[in-house]
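A.B. asks:
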Amino acid sequence: MSSISSNWKRLQKKSKKSTKNPKSSHPKQSNTTKDQPEPHPPHSNDNIPTTQRQKEVGKYLAIDCEFVGVGPEGVSSELARVSIVNYHGHTIYDKFVKPTHKVTDWRTWVSGITSRHMAQAIPFKQAQTETSNLIEGKVLVGHAIEHDLEALCLSHPKFMIRDTAKHTPFKKKYGGGKTPSLKKLSEAILKEQIQSGSHSSVEDARATMLIYRSDKVVFEKLHDLKFGKGKKHGDGRSKKT
Numbered sequence: 103m104s105s106i107s108s109n110w111k112r113l114q115k116k117s118k119k120s121t122k123n124p125k126s127s128h129p130k131q132s133n134t135t136k137d138q139p140e141p142h143p144p145h146s147n148d149n150i151p152t153t154q155r156q157k158e159v160g161k162y163l164a165i166d167c168e169f170v171g172v173g174p175e176g177v178s179s180e181l182a183r184v185s186i187v188n189y190h191g192h193t194i195y196d197k198f199v200k201p202t203h204k205v206t207d208w209r210t211w212v213s214g215i216t217s218r219h220m221a222q223a224i225p226f227k228q229a230q231t232e233t234s235n236l237i238e239g240k241v242l243v244g245h246a247i248e249h250d251l252e253a254l255c256l257s258h259p260k261f262m263i264r265d266t267a268k269h270t271p272f273k274k275k276y277g278g279g280k281t282p283s284l285k286k287l288s289e290a291i292l293k294e295q296i297q298s299g300s301h302s303s304v305e306d307a308r309a310t311m312l313i314y315r316s317d318k319v320v321f322e323k324l325h326d327l328k329f330g331k332g333k334k335h336g337d338g339r340s341k342k343t
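This is how it looks when you write it as C-alpha cells:
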C-alpha cells in the first residue's frame with residue numbers, strides 16, 4: 103500500500119494535542135469482515151497505528167466504493183466493492199459485491215477489480231444490509247458521498263454526513279471554487295499521491311478520513327451554522343431507497 107499510513111502517525115500526534123478521540127459506541131471490534139478473503143490489492147491494517155480501542159467501530163466512519171461497467175459498452179456503473187474505515191483508519195468493512203447485471207467492462211485499470219474477485223463477492227442485498235446496519239447512527243465521511251450511497255440504494259441523514267468534496271474551504275483553496283478531486287486533496291493536504299494506478303477503496307476511504315480530520319474544527323463549525331449547534335448525531339438512521 104502507499105505511504106498514506108505514515109500520515110496516521112503524524113496526525114495522531116497532532117490530534118492528541120488538539121482534540122480527544124471520539125468515544126466508541128461499540129464495545130467490541132466489528133466482525134463483519136471475519137474470515138473474509140483478503141482482497142487484491144491487499145490493504146493490511148498492520149501499518150495503521152491502533153490500540154484495541156482504536157480498532158473499535160466508533161462514531162465516525164469513512165466510506166468509499168468501487169464500480170464496474172454494465173450495459174452496452176459498460177457505460178453504466180454498478181457497485182462491486184464497499185470499504186469502510188473508522189476514525190483511526192482501521193478497516194471495519196471491506197467486501198466485494200456481485201453486480202446485479204452482467205459486467206461488460208471491469209474497468210480494472212481504475213477499479214482494480216477483475217472477474218476473479220467475484221469468487222469472494224457477496225450478494226448486493228447482503229452488502230446493502232450490512233452497510234446500512236454499520237453506518238446507522240454514525241457520522242459518515244466521504245468524497246462525493248452521494249455516489250456511494252446511491253450505488254448502495256441507501257440514504258443517510260444530511261446532518262450526519264461530512265463530505266470533503268463539498269467542504270467550502272477546500273473548494274475555494276484547492277478547486278478555484280469548484281469541486282476538487284480526492285486525488286488533488288490528497289496531494290495538497292496529505293502530501294501523498296493516490297489513484298496513480300488502479301484505485302483502492304480502502305486507501306481512498308483512509309485518505310478521505312485523514313482529509314476530514316485535517317480540517318475537522320472548521321467542518322464542525324460550518325455544520326453547526328447549517329444545522330444548529332448540538333445537532334450532530336440525533337437519530338441518524340440510514341434508510342434503504
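Residue numbers for the sequence shown, in the numbering used here: 103 to 343. Every residue gets a Cβ at the ideal spot worked out from N, C-alpha and C, and that includes glycine. Small disclaimer: the values here were computed from a predicted structure and weren't measured.
Does the count of Cβ pairs from the region 214 to 231 and the region 185 to 193 closer than 8 angstroms reach three?
C.D. replies: The region 214 to 231 is not in contact with the region 185 to 193.
A.B. asks: Apart from the five residues on each side of it in sequence, which residues of its chain come closer than 7 angstroms, Cβ to Cβ, to Val320?
C.D. replies: Result list for Val320: Pro271, in chain order.
A.B. asks: Whose C-alpha, out of Phe329, Met311, Leu181 and Leu236, is nearest the C-alpha of Ala164?
C.D. replies: Measuring from the Cα of Ala164, the nearest candidate turns out to be Met311.
A.B. asks: Is DSSP giving Ala246 helix, strand or coil here?
C.D. replies: DSSP places Ala246 in coil when its eight states are reduced to three.
A.B. asks: Rounded to whole angstroms, what's the CA-CA distance from Leu292 to Asp306? Just pull it up for me.
C.D. replies: Going from the Cα of Leu292 to the Cα of Asp306 covers about 12 angstroms.
A.B. asks: Spatial neighbours of Gln156 within its chain, please: CB distance less than 6 angstroms, with the 5 preceding and 5 following residues excluded, ordered by chain position.
C.D. replies: Here the set comprises His190.
A.B. asks: For Ile224 versus Lys200, is the C-beta distance shorter than 8 angstroms?
C.D. replies: Yes.
A.B. asks: Helix or strand or just coil, what does DSSP make of Thr202?
C.D. replies: In this structure, Thr202 counts as coil in the three-state DSSP scheme.
A.B. asks: Between which two residues does the alpha helix (DSSP H) containing Arg308 stretch?
C.D. replies: From DSSP, the alpha helix (DSSP H) with Arg308 extends over Ser303 to Ser316.
A.B. asks: Taking one C-beta from the region 276 to 292 and one from the region 207 to 214 each time, how about it: are there three or more such pairs within less than 8 angstroms?
C.D. replies: The answer is no - the region 207 to 214 does not touch the region 276 to 292, with fewer than three Cβ pairs under 8 angstroms.
A.B. asks: Buried or exposed: which applies to His301, given that a residue is buried once 16 or more other Cβ atoms fall within 10 Å of its Cβ?
C.D. replies: Classification of His301: buried, given that the 10 Å Cβ count is 16 or more.
A.B. asks: Report back the beta-carbon spacing between Ser303 and Cys167 to the nearest angstrom; my notes put them in contact at under 8 angstroms.
C.D. replies: So it is a contact: roughly 6 angstroms between Cβ atoms.
A.B. asks: If you draw a straight line from the C-alpha of Ser117 to the C-alpha of Leu324, how long is it?
C.D. replies: Only weak support is given to the placement of Ser117: the predicted model assigns it a pLDDT of 45, under 50, and the question is left unresolved by the model.
A.B. asks: According to DSSP, which residues form a beta bridge with Cys167?
C.D. replies: According to DSSP, Cys167 bridges with Val184.
A.B. asks: Taking 8 angstroms as the threshold (C-beta atoms), are Ser288 and Ile313 in contact?
C.D. replies: Cβ atoms of Ile313 and Ser288: closer than 8 angstroms.
A.B. asks: How would you call Asn133, buried or exposed, if buried means at least 16 neighbouring beta carbons within 10 angstroms?
C.D. replies: Bear in mind that the predicted position of Asn133 carries a pLDDT of just 38, short of 50, making it unreliable; the figure below should be weighed with that in mind. It is exposed - the Cβ of Asn133 has fewer than 16 other Cβ atoms within 10 Å.
A.B. asks: When the Cα of Ser185 is compared with those of Ser257, Gly244, Ala267 and Thr281, which residue comes out closest?
C.D. replies: Checking every option, the nearest Cα to that of Ser185 belongs to Gly244.
A.B. asks: Could you tell me how far apart the beta carbons of Phe226 and Leu181 are, in whole angstroms, since I believe they sit closer than 8 angstroms?
C.D. replies: 7 angstroms between Cβ atoms; contact.
A.B. asks: Ala253 and Phe169 - do their beta-carbons sit closer together than 8 angstroms?
C.D. replies: Their beta carbons are under 8 angstroms apart, which means Phe169 touches Ala253 by this criterion.
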